[in-house]
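Since the structure comes first, as structure tokens, the remarks are kept for the end.
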Amino acid sequence: MVNGMIGRKVGMMRLYDGAGRSRAVTVIEMGPNRVTQLRTTERDGYEAVQLGFSGLRKRVNRPERGHLRRAGIEETITKLLEFPTGGESYTLGQTITVDSFTAGEYVDVSGVSKGRGWAGGVKRWHFRGGPKTHGQSDRHRAPGSVGSGTTPGKVWKGQKMAGHMGARDVTVMNVLVVLTDPTRNLLFIEGSVPGAVDHIVSVTHGRRSALANFAPPTLPTLDIEYDDEPEMATEDEPMAEAEETTEATDATEETASEVTESSESEAEA
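In the numbering used here, the protein residues as written are 48 to 316.
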């Protein structure tokens, strides 16, 4: 089985699970993907397949067109990514669908986050800002000090400051696959994933799913076994069980009264 696929983020919606809980899910269109190139150990030193996703652009350049023709693909494919394989054999031009994933498993989703442009320290790094009083009129969203004076006499690399925010490669790990739709090649993933609508994302099987993929306990967890199952009243004898209960109660009361009388006689003696 191929380790991942290329998808397009469609948007978000809500689904209801079996317990009636509302879950926010992200809908991802998983192609279908086409196998455009095969990587082998003899030639490349590793085993992988190159998958392509179509529908992003109407045209491709000549090198891309030649690469697709060698794979026997006539449609326009503009996004190519490689994914390792588990030893299975694939053929050029083969179609890979959402059947590679199953509901209930955990996956990793990678994409480019939304670009926010130039942002200050408060928005980019959640700085607190300066005081609002005591004569401060223009320090409300200022970053404050960025380093010492003579020693070291410079600003350290990686110092949190204002700058370009977003538009970075982001991966969210161990997100749950809530539902798959093989008819429309849709994947429903719990929560949000990086990227804007219509952006390309890669979905791979969870690398750390062993830590999160466990079966929740079934409810109820307490199971009591009775030696004798109680007899239920029927339409023919609706009061049968009630009569037996009344007789047992009367016998218990008679026994209790006998014990009380014997105790009183012993006390008088």
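Even for Gly, the Cβ is constructed at its ideal location relative to N, Cα and C.
None of the values given here were measured: they were computed from a predicted structure.
query	result
Run of the beta strand (DSSP E) containing Pro131, from where it starts to where it stops	Ile124 to Pro131
Expected contact under 8 angstroms - CB spacing of Ile236 and Arg55 to nearest Å	Going by Cβ atoms, the distance from Ile236 to Arg55 rounds to 13 angstroms, so no, they are not a contact pair.
Alpha-carbon spacing of Val222 relative to Val156, whole angstroms	8 angstroms
In chain order, each alpha helix (DSSP H) run of at least 4 residues that lies wholly inside the segment 128-200	168-172
Sequence-distant residues of its chain with Cβ nearer than 7 angstroms to Val49 (five each side left out)	Val96, Phe130, Thr132, Ile143 and Ser147
Exposure label - Val244; buried when at least 16 CB within 10 Å	exposed
Met208 to Thr87 span [Cα, whole Å]	46 angstroms
Glu121 classed as buried or exposed, judged by whether at least 16 other C-beta atoms fall within 10 angstroms	exposed
Ser239 to Ala71 span [Cα, whole Å]	8 angstroms
Cβ neighbour criterion (16 or more within 10 Å) applied to Leu234	buried
Backbone CA spacing between His181 and Gly151 [nearest angstrom]	56 angstroms
Range covered by the beta strand (DSSP E) that runs through Leu115	Where Leu115 is concerned, there is no enclosing beta strand (DSSP E), although the alpha helix (DSSP H) it sits in stretches over Arg109 to Arg117.
Burial state of Gly242 (16 or more Cβ within 10 Å)	buried
Terminal residues of the alpha helix (DSSP H) in which Thr88 lies	Thr88 to Asp91
Burial state of Glu76, where buried means 16 or more other Cβ atoms lie within 10 Å	buried
Proximal residues to Lys179 (C-beta, below 7 angstroms), its chain only, five neighbours per side dropped	His187
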